[in-house]
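2 protein chains.
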Amino acid sequence: MNFSSKLLEDAVHEFSKLPGVGQKTALRLVLHLLNKEQEEVMHFSNTLIKLKQQIKHCTVCNNISDHTICSICAAPKRDKELICVVEDTRDVMAIENTNQFFGVYHVLGGLISPMDGIGPSDLFIDGLVERAAKGSVKEIILALSATMEGDTTLFYLHKRLKDFQIPISTIARGIAFGGELEYADEVTLGRSIITRVPYENSILK
Amino acid sequence: MNFSSKLLEDAVHEFSKLPGVGQKTALRLVLHLLNKEQEEVMHFSNTLIKLKQQIKHCTVCNNISDHTICSICAAPKRDKELICVVEDTRDVMAIENTNQFFGVYHVLGGLISPMDGIGPSDLFIDGLVERAAKGSVKEIILALSATMEGDTTLFYLHKRLKDFQIPISTIARGIAFGGELEYADEVTLGRSIITRVPYENSILK
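Set out below in structure tokens:
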């Protein structure tokens, strides 16, 4: 690109580092901001700086939080004995949106991925083991992505947690609700036949 | 979305104001930045603030510039008597990328659009008339989008400029190079038959 301005080029360069943002999109975003009032651009930038400087991780569950204990861990209504283990904040938000879970979370901060050089020590796993060791946990739900990394992490967590005699469960995998059989991928379809549930135990009962 | 953090929510809100960025994309971008070092986030924000505070508009052509005269208007090699009128900086960059134009530009800062409440007085048209009035311009090329707004602006500019006895041209419209006839839209195809050029004048000669 032929930039007539170094200032513009620098800003476009910064935006194009964001995931999924190419040079053309970056230029469009920067020119959009440039058309805004100075006040608005300052507010945009300062919100980001404030986020980075003031954000904390909950000391209990490692979720992103404004305080040292996050709003979920601090809520008296939530069941502290039921822990749902997830990869990151986005998963917490996704599960919260379902309104089906009333326990607390444990945010690993990633998944084990030897390909990307992420090992167990890079994740907040010791914190989970500590919580399990305290003895007041009645179930740990492992809600991880159904990917190679998710399965590796699942396997590792099970190994670390199995001696505490706490029931460990994983979220159900199978054909998505509303999904048509003919469009399901072979692995999912094959596994949902192998892991079939008695009709009395199914959600349809 | 259920945000566990007000700081996070504020930042996502700011990003989702950008064109083409929804809440999910905004969250992804903000979490990406949150994973970066504080230094990098500061640099990102400060680049934007610096751009907004220091950017200028060239006093000759109105293009975005780091100085009061932009690098194109200041270049001794560029033909100052040939002016190409465009909507915005992106069009300047697109034309510069072709390496086919060696004159200077005039950036209107938009197109006349009564639907959006943009009239001629909102654009840098008086500046163009002043340049034309100086008498040293040998041709004005109107390189505007082939849209309703572009055509309206074209018509208005022609009315304002026609008394100066300067040749006014518009960029050629027709079937795009590499375009197959059967996929061309009807209007373009119809007009390119009406505005057909003698073989001797065509680029194929």
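Chains A and B are the protein sequences, given in the same order.
According to our numbering, the stretch in the first sequence is residues 0 to 204, in order.
According to our numbering, the stretch in the second sequence is residues 0 to 204, in order.
Using N, Cα and C, we set each Cβ at its ideal position, and we do this for glycine too.
Remember, predicted model here, so these are calculated numbers, not experimental data.
For residue i, name the three-state secondary structure that DSSP assigns.
i	result
Cys60 (chain B)	coil
Val186 (chain B)	helix
Val91 (chain A)	helix
Gly149 (chain B)	helix
Val196 (chain B)	coil
Phe42 (chain A)	Reading off the sequence, residue 42 (chain A) comes out as His, not Phe. Helix.
Lys55 (chain A)	strand
Ile48 (chain B)	helix
Ile174 (chain B)	coil
Ser3 (chain B)	coil
Ile111 (chain A)	coil
Ile124 (chain A)	helix
Leu180 (chain B)	helix
With residue i and residue j assumed to form a contact (beta carbons below 8 Å), what rounded beta-carbon distance in angstroms separates them?
i	j	result
Val103 (chain B)	Ile124 (chain B)	About 17 Å; that fails the 8 Å criterion.
Pro166 (chain B)	Glu138 (chain B)	5 Å
Leu33 (chain B)	Ile54 (chain A)	7 Å
Leu225 (chain A)	His31 (chain B)	Residue 225 (chain A) lies beyond the range of chain A shown here (0 to 204); nothing can be said about it.
Ile117 (chain A)	Gly109 (chain A)	6 Å
Val84 (chain B)	Leu156 (chain B)	7 Å
Leu47 (chain A)	Phe2 (chain B)	Rounded, the Cβ-Cβ distance is 16 Å, inconsistent with contact.
Arg172 (chain A)	Ala145 (chain A)	6 Å
His105 (chain A)	Asn61 (chain A)	7 Å
In angstroms with no decimal places, state the Cα-to-Cα distance between residue i and residue j.
i	j	result
Asn200 (chain B)	Leu28 (chain A)	41 Å
Ile135 (chain B)	Ala10 (chain B)	It is worth fixing the name first, because residue 135 (chain B) is Ser in this sequence and not Ile. Spanning the two alpha carbons is a distance of roughly 51 Å.
Asp162 (chain A)	Val59 (chain A)	21 Å
Gly189 (chain B)	Ser112 (chain B)	26 Å
Glu206 (chain A)	Ile63 (chain A)	What the structure shows of chain A is the stretch from 0 to 204, and residue 206 (chain A) is not part of that stretch, so it cannot be assessed.
Ser120 (chain A)	Leu107 (chain A)	11 Å
Asp65 (chain B)	Lys35 (chain B)	29 Å
Ala132 (chain B)	Val196 (chain B)	32 Å
Ala93 (chain A)	Thr24 (chain B)	14 Å
Leu160 (chain B)	Glu38 (chain A)	37 Å
Asn98 (chain A)	Ala73 (chain A)	18 Å
Glu80 (chain A)	Cys57 (chain A)	17 Å
Ala183 (chain A)	Ile174 (chain A)	7 Å
For residue i, which residues does DSSP report across the bridge?
i	result
Glu86 (chain B)	The partner list for Glu86 (chain B) (beta bridge, DSSP) is empty, contrary to what the question assumes.
Lys168 (chain B)	Checking the displayed sequence, the identity of residue 168 (chain B) turns out to be Ser instead of Lys. For Ser168 (chain B), which the question treats as bridged, DSSP gives the partners B:Ile140.
Tyr155 (chain B)	Tyr155 (chain B) is not bridged to any residue.
Val103 (chain B)	B:Ile82
Ser191 (chain A)	Partner(s): none; Ser191 (chain A) has no beta bridge.
Ile117 (chain A)	A:Ser112
>> Against chain A, which members of the region 62 to 75 of chain B pass a CB distance test of less than 8 Å?
In response: Asn62, Ile63, Ser64, Asp65, Cys69, Ser70, Ile71
>> Tell me which residues of the region 84 to 96 of chain B have at least one Cβ-Cβ distance to chain A shorter than 8 Å, keeping chain order.
In response: Asp87, Thr88, Arg89, Val91, Met92, Glu95, Asn96
> Listed from N- to C-terminal order along the chain, which residues in the region 93 to 127 of chain A have their beta-carbon within a distance smaller than 8 Å of any beta-carbon of chain B?
Replying inline: Glu95, Asn96
> Between the region 124 to 154 of chain B and chain A, which residues of the former have CB atoms less than 7 Å from a CB of the latter, in chain order?
Replying inline: none
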